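Okay, so here's the structure we're looking at.
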């Protein structure tokens with residue numbers, strides 16, 4: 006074993022060395038030294054890629070008690086727990102006493118002296134973490150390909166297979182059977198299967214009727230149906246108040262998968278079932294959730310973590326800070342890449358260049374601030390006039406999925422609306438937050454397909470789901486259900502609604518699609534519409550473009566602000582009803598997004614005039630469509 010990688014293969018050895026040194030010298034501060042050591046090691050070149058990833062390597066290929074990383078999402082936060090931070094053991098033969106470190110461990114050494122006055126009890130927090138919900142396949146594959154971490158198998162076996170991701174490892178024993186079987190997913194089928202059986206397609210795009218069933222022993226509580234990968238109990242020792250529910254993290258921690266944890270959990274559950282429930286602090290359901298088998302839900306003792314502003318593997322984690330060379334290079338190409346993307350989206354949107362303009366603006370929108378309850382920067386787009394032939398909306402989703410890091414397709418069928426759990430709900434019996442499909446990380450692209458809506462009746466759950474979608478769009482918030490009250494969680498989700506007529510849901514902007522392809526040729530045209538190849542350098546430019554534009558800062562000078570105000574006054578001179586304050590707000594949002602899409606961080610006169618022009622075109626088109634449809638509301 007290379008000495009330079011001792012801290013990866015045997016991190017507890019590093020911890021023990023610092024603990025013993027501190028104890029022998031009667032000094033303090035060893036905990037801070039441990040954290041600083043791992044933080045410094047991870048700063049070294051290629052150090053982060055040398056650490057094996059729990060996202061990519063099956064659990065049974067990872068060495069217990071080694072350092073691993075996990076790209077994850079905080080789905081739930083459990084109550085703090087006490088543990089023995091330091092304790093004394095007694096050698097059975099020599100009766101010699103020795104101090105042991107209990108930090109970063111779940112199981113204590115044998116021969117613990119429980120009567121010792123040197124025992125130090127401490128507190129730690131536990132987060133229930135899952136893989137990033139809705140993370141695109143290209144993101145997972147890219148991260149896996151960049152990982153240089155090599156698995157060191159235990160001495161009891163030597164796996165003959167090469168490292169494979171969770172997506173490919175169908176026979177791995179860490180997945181419950183329900184996760185390996187074909188799931189009745191909400192997302193559309195892949196473009197390769199568009200001509201499959203209609204019944205199969207319907208089953209794939211409708212919610213499973215059992216989704217709202219109570220938590221079971223194997224329920225990994227993923228927010229989105231059909232998700233795969235490991236869930237993990239992350240044990241946090243310092244500054245746990247700085248973490249928030251729904252944070253996206255890269256966690257580096259010591260892997261704990263001791264079989265003793267599963268045995269203790271089984272014994273605890275068996276004994277609790279024989280006792281009076283009032284004598285136990287935890288219910289059986291709570292014990293199953295908070296102490297699941299380690300082979301299914303491993304423990305990860307955190308030594309270092311980083312909050313992720315994005316999960317785009319093509320971009321540095323700190324785009325806006327230290328990476329000035331990457332940023333300046335990207336900004337210099339923004340206008341050219343935008344032109345290429347506009348051409349591509351025009352092709353995807355059946356020759357409609359104006360709709361392609363608005364799709365770009367939508368995909369780079371981002372809630373950058375909140376003024377009271379109003380989220381600033383959101384730009385929910387309703388793309389109406391979508392063809393219902395050739396599975397057009399599903400094809401459009403797959404194309405967007407290839408360009409953004411995280412996304413989710415929701416076919417708005419009656420079954421989905423009535424049976425899906427969109428809003429997370431607190432389960433007080435199991436003392437956990439039962440996830441819902443709207444518990445997703447920031448900058449997730451939510452694709453609502455209203456062309457799937459059919460006639461029928463919404464039940465109470467369906468009405469609540471539609472209300473939740475409306476609140477998400479209007480206020481960028483989700484009210485989690487805590488039974489006796491609701492708790493508001495702000496979010497930052499890009500919502501695209503595709504529909505035939507104007508959407509029933511609110512939106513910030515409606516653009517009616519005007520195909521330049523004759524109706525008789527649309528199906529043939531769609532058959533030639535391909536998702537961009539992942540090996541294409543152009544598609545990677547598009548991914549970087551959309552990611553960077555979303556993170557750029559933006560400002561308006563006093564001079565341009567005065568010019569905009571004068572323009573607004575002039576526009577209202579002839580007809581005060583022609584331009585409202587809402588219209589002005591939308592034009593300013595469009596102008597901001599237009600500037601950012603060109604790599605400009607401040608508004609110039611040309612961008613303002615361009616925003617006015619395309620807004621006028623869009624409004625004229627919408628008004629014409631209202632006349633065609635008989636003044637639809």
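Numbering (the working numbering), first residue to last: 6 to 638. Glycine is no exception: its CB is placed at the ideal position from the N, C-alpha and C atoms. Being a predicted model, the structure only gives us computed values, none of them experimental.
With a beta-carbon spacing of about 11 angstroms, residue 153 and residue 61 fall beyond the 8 angstroms limit used to define contacts.
With respect to the C-alpha of residue 421, the residue from 463, 63, 385, 431 having the closest C-alpha is 463. Out of 257, 363, 98, 87, the CA that lies nearest to the CA of residue 45 is found in 257.
Within the region 380-458, the beta strand (DSSP E) runs of at least 3 residues that lie entirely inside it are, in chain order, 386-389, 412-416, 430-432, 437-439, 450-454. In the structure shown, residue 312 falls within a strand segment according to DSSP collapsed to helix, strand and coil.
Looking only at 301, 473, 414, the smallest Cα-Cα distance to residue 430 is reached by 473. The distance from the Cβ of residue 426 to that of residue 441 is about 5 angstroms, consistent with a contact at the 8 angstroms cut-off. Positions of the beta strand (DSSP E) runs, each at least 3 residues long and wholly inside the region 33-89, are given as 72-82 in order along the chain. Bounds of the beta strand (DSSP E) holding residue 492 are 491-495. In the DSSP assignment, no residue is bridged to residue 509. Contact between the region 139-154 and the region 108-115 is not established, with fewer than three Cβ pairs separated by less than 8 angstroms. Residue pairing by DSSP places residue 488 opposite no residue, since no beta bridge is assigned to it. Secondary structure within the region 87-129: the beta strand (DSSP E) runs of 3 or more consecutive residues, fully enclosed, are 102-106 (chain order). Residue 308 and residue 12 have their alpha carbons spaced roughly 12 angstroms apart. Assigned with DSSP and collapsed to three states, residue 503 falls in strand. In the DSSP annotation of this structure, residue 249 is not part of any alpha helix (DSSP H), being labelled neither H nor E. DSSP places residue 528 within a helical segment (H, G or I) once states are collapsed to three.
A distance below 6 angstroms between beta-carbons, with the five flanking residues on each side excluded, links residue 148 to the following residues of its chain, in chain order: 318.
Minimum Cα-Cα distance from residue 243 among the listed residues 193, 229, 310 corresponds to 310.
In this structure residue 366 does not touch residue 137 by the C-beta definition: roughly 25 angstroms separates them, more than the 8 angstroms allowed.
In this structure, 263 is the residue among 80, 246, 263, 135 with its C-alpha nearest to the C-alpha of residue 114. Between residue 350 and residue 598, the C-beta gap is not smaller than 8 angstroms, which leaves the two residues out of contact. Taken through DSSP and simplified to helix, strand or coil, residue 560 comes out as strand. DSSP, reduced to helix, strand and coil, places residue 306 within a strand of the structure shown.
The beta carbon of residue 455 is closer than 8 angstroms to those of 417, 502, 503, 504, 505, 508, 509, 510 in its chain, skipping five residues each way along the sequence. The Cβ atoms of residue 572 and residue 606 lie no closer than 8 angstroms to each other. Residue range 514-517 is occupied by the beta strand (DSSP E) that includes residue 514. Boundaries of the alpha helix (DSSP H) around residue 17: 16-30. If you draw a straight line from the Cα of residue 76 to the Cα of residue 523, it comes to about 46 angstroms.
Closest option to residue 132, judged by alpha-carbon separation, among 617, 303, 538: 303.
The continuous alpha helix (DSSP H) containing residue 346 extends over residues 329-353. For residue 554, the CB contacts under 6 angstroms within the same chain, skipping 5 residues up- and downstream, are 369, 601, 602 in chain order. Between the beta-carbon of residue 615 and that of residue 359 there is about 12 angstroms, and that puts the pair past the 8 angstroms contact cut.
Residue environment: residue 291 is assigned as buried (16 or more neighbouring CB atoms within 10 Å of its CB, all protein chains considered). Nearest to residue 320 by C-alpha distance, out of 585, 151, 480, 86, is 151.
Note that the C-beta distance between residue 261 and residue 306 is below 8 angstroms.
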